[in-house]
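Peer 1: Numbering (this note's numbering), first residue to last: -16 to 45. Glycine included, every Cβ here is placed at the ideal spot set by N, Cα and C. Pasting a structure here, questions to come.
This is the structure we're talking about:
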């Protein structure tokens, strides 16, 4: 199992380095996160309003 552990450690170190490099190269878009958070909150509110309500057969056929 020593060889397997050695290869796994090498792979993990490379994947960690690649992830660190990717994060350092991409600027983080805080505005996108804010807009996305607002959209998700609106979708959650809309879904909460639908809980326990069933669509009419006319709504299903459309």
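1) Distance check for residue 16 and residue 26, CA to CA, integer angstroms please.
2) Nearest-angstrom Cα distance between residue 18 and residue 29?
3) Could you check what DSSP says for residue 52 in three-state terms: helix, strand or coil?
Peer 2: The structure says:
1) 15 Å
2) 17 Å
3) The chain is shown only over -16 to 45; residue 52 falls outside these bounds and no answer can be derived.
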